Structure formats: structure tokens, C-alpha cells
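Note sheet for the following structure.
Residue numbers (this note's numbering): 641 to 1030.
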């Protein structure tokens, strides 16, 4: 009997202490409590058995009648936690709805601000590259942006089985979306800044066309599309810069082409037309199309197929990429001893001391002088038939 009494008293004390603790946690002073300022928000205890019974609401906006509209800030286990959350909110107010945004929703807000409402105009290829990178971020789509950490993004990059260049696009996208979220207080820390690409760099770096292969192009210049490759080699335009260039940007009278898409230094740049390709460009312009390549602007993928097929037709077996034409132009300029500043101008690279897009007559003269140094129609071969490229 005494043992049962001891057990009874033990549990009675235990439950009494537990009830007392709960009463203290939920204690609300009776009588006249301190009133919070109007619009400050409220802490309400919800009925029933809940793990987090204390709901915090804050007034965020006014309706059309001038009455405040409340939004739920969150739910908390104790009144003390709820009051602390309300206090922290007023230290740095934010829209509670933004804290619930998923990665995909933040991406859509960022995309609109950059590509639709932004001042800068982006090429279709840039937009398509961004959308392609987004598809690879599918595991993050529905995660709340505020809960995404470095590990989530790092695991995503590590799981991708694509080229190093494609992974770089994904990394850039994660970084830009995170910076946007940080700017608008959706997140408190940019975790994308700590993400690294673990895969080895497999990007193909440019190789210049050999003089023998350029000679093959000149030998077959009357075949379809061969002239277009020679134009690329002698102008250094990026693929889409020439594909998307309006015919009005080509001035045969001054023998210049104006265009550029990618960088600030590269946009609206002027490239003199080399005398060797002047007849090729003039012949194409006689067709009075919207661009050099047809009645409508050609897609990159379409021309890339033409490019590879044309190289095969003239007997070029080296695997050149379309970007190698641009690399060849730069190599030819360097090997001919062209001025470094002129090369930067022609390539659309940033160069110290150069203004953005302001060209003087002297500038154009220097650019024309640099381009004229290229002479791919004169070849010097040794007895073994190798070209003296350098």
C-alpha cells in the first residue's frame, strides 16, 4: 500500500509541474495588459491540440476602404517565441508572402525583371540558354527559396551529366536568381556564392584554321556557302552577330559592318570589310534580303549544319567549330603584328582606355589598317608543304 502511495504522489507531482510549466508558457496577464500600437500585429492562441498553437499576424497593406489587411507571419510553439518573431519582423519588415516563394516563382520574377522589363535588350540565344539552364534545375523548382542552401545547389550541379559549359550556365543562373532573392529580402544569405563546379573543364578551346584549309576555301569559293565561312574568318563576328545582322548595318560605300550582341564593348562595334571579301559581301547584298544569309534571319543551329557540311564538301577534315572562325581572325591579326588596341576594338573585347562605342575617323583608319594586314591569298610553304603560319 505504501509503495502504491509513493508511486501515486510521484506522478501527481510530475503532472502538476508539467501543468504549471505549460500555464507559465501560455500565461497572459489578467487585467489591463499593455496595448500594442495600431498596425503592430497580433499573437493569437488557436484552439485545440496543436504543436504550434500561437499564430502571429501582421498588417501589411490597406484595402480599398482604408482598412488594414493582415497576413499570417507564422505559427509558434510558445507565446514567447511568437512575440520574439513579431519583434524581429518589425526590426526589418518584409512581405510574408515572399518568404513562401519557391525557386521557380523567384526565377519567374527575376526573368521578368531582366528580360522583359529590363533596359538592356538580350538576344534570343541568350534567352534560350537561360531557359535551357532552368530545365536542369528541376529538383529545386518547388523548394521554398528561403530553405535552399549551398548543399542543395551543389548536389544539383554534381548530378548533372552534361558539358562543363552547360553546367556553367546553370551555375550562373543559380547565382543570378539568388542575388535577386537577396536584393528583395526573400533570402538572408546568398548561398549560391559558395557553389563550385567539380567536373573537369572539357570546353573546347578555339583553334585557328590552317592556311592550307583557308586555301581550300578560296579554291572552292564558287561553291554554295563557302563564301560565308570566308566572311566569318575575315571579320571575326560571333556566329549570331552576323546571322542576326540587318542588311542596313552593312555599308558598302564606307566598306564597314556594324553590329555586336554579347558585351558592352562588343555591341555596336565597327568592323572594316577586308578587300578580299568585299566582292563576296557585295554579291550577297544584291539579293536584297534582310540579312546576308537569306530573306529572314537564320537560326544558329541551321547555319551550324551548313557550316559542317560545307567544310566536308571542300575536303577539310580538321574538326573546326563555327567559333574557330572568330579565333582565326584574331590569330591572323596577331601574327600580322596588328595593334593590340585595334584587335580589341575589332573583337569587341574590353581594353584599358577605350571608350564604349565612340569611333573617330582616326579609329576607323587604324582599324582598316589592322584588317588590311591580313592576306590569306598569299601562302608561303616549305618543301614539306607545311605553312609558315607564324
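Think of the CB as a built atom: it goes at the ideal place given N, C-alpha and C, for glycine as much as any other residue. Keep in mind the model is a prediction, meaning the values are calculated, not measured.
A direct Cα-Cα distance of roughly 44 Å separates residue 869 from residue 831. The residue among 920, 715, 899, 828 with its C-alpha nearest the C-alpha of residue 866 is 920. Straight through space, the alpha carbons of residue 965 and residue 917 are spaced by roughly 14 Å.
Shown here for residue 942: not one same chain residue has a beta carbon closer than 7 Å to its own, the five before and five after excluded. A straight-line Cα-Cα distance of about 27 Å links residue 712 and residue 753.
For residue 806 and residue 814, the gap between their C-alpha atoms comes out near 13 Å. In terms of Cα proximity to residue 726, the closest of 748, 790, 949, 698 is 698. In the DSSP assignment, residue 784 forms a beta bridge with 742. The secondary-structure analysis by DSSP pairs residue 910 across a beta bridge with 898. A distance below 7 Å between beta-carbons, with the five flanking residues on each side excluded, links residue 816 to the following residues of its chain, in chain order: 750.
In the pairwise beta carbon analysis, the stretch 878-891 is classified as not touching the stretch 853-861: fewer than three pairs are separated by under 8 Å. Comparing C-alpha distances from residue 893 to each of 744, 915, 686, 953 shows the shortest one belongs to 915.
Residue 933 carries a coil assignment under DSSP once its states are collapsed to helix, strand and coil. A straight line joining the alpha-carbon of residue 822 with that of residue 715 spans about 24 Å. The beta carbon of residue 689 sits closer than 6 Å to no other beta carbon from its chain once the five residues preceding and following it are set aside. Boundaries around residue 981 are those of the alpha helix (DSSP H), 980-987, since no beta strand (DSSP E) includes it.
About 7 Å separates the Cβ atoms of residue 854 and residue 873, confirming a contact at the 8 Å cut-off.
Annotation: residue 795 to residue 780 spans about 11 Å, alpha carbon to alpha carbon. Within the DSSP bridge table, the entry for residue 684 names 695 as partners. Here residue 715 carries a strand assignment [DSSP, helix/strand/coil]. In the DSSP assignment, residue 764 falls within the alpha helix (DSSP H) that extends over 764-775. Only residues of its own chain outside the window of five on either side were considered, and among them 781, 782, 783, 784, 785 have a CB closer than 7 Å to the CB of residue 742, listed in chain order.
Residue pairing for residue 890: DSSP places it in a beta bridge opposite 897.
For the 7 Å CB-CB criterion, residue 1013 and residue 985 do not form a contact.
Between the alpha carbons of residue 717 and residue 692 lies a distance of about 4 Å. Residue 958: not part of any alpha helix (DSSP H); DSSP gives it neither H nor E. Ranked by how close their Cα comes to the Cα of residue 721, the residues 709, 744, 730, 696 have 696 in first place. About 3 Å separates the beta carbon of residue 969 from that of residue 876, a gap short enough to meet the 8 Å contact definition. The straight-line gap separating the alpha-carbon atoms of residue 686 and residue 731 is approximately 26 Å.
Relative to residue 723, the option among 760, 681, 748 whose CA is nearest is 681. Note on geometry: alpha-carbon atoms of residue 747 and residue 764 lie some 18 Å from one another.
Residue burial annotation: residue 886 is exposed, with fewer than 16 other C-beta atoms found within 10 angstroms of its C-beta. In the three-state scheme derived from DSSP, where H, G and I count as helix and E and B as strand, residue 709 is classed as strand. Within the same chain, 830, 832 come within 8 Å of residue 819 by CB-CB distance, once the 5 residues on both sides are set aside.
Residue 862 carries a coil assignment under DSSP once its states are collapsed to helix, strand and coil. CA-CA distance, residue 834 to residue 827, rounds to 15 Å.
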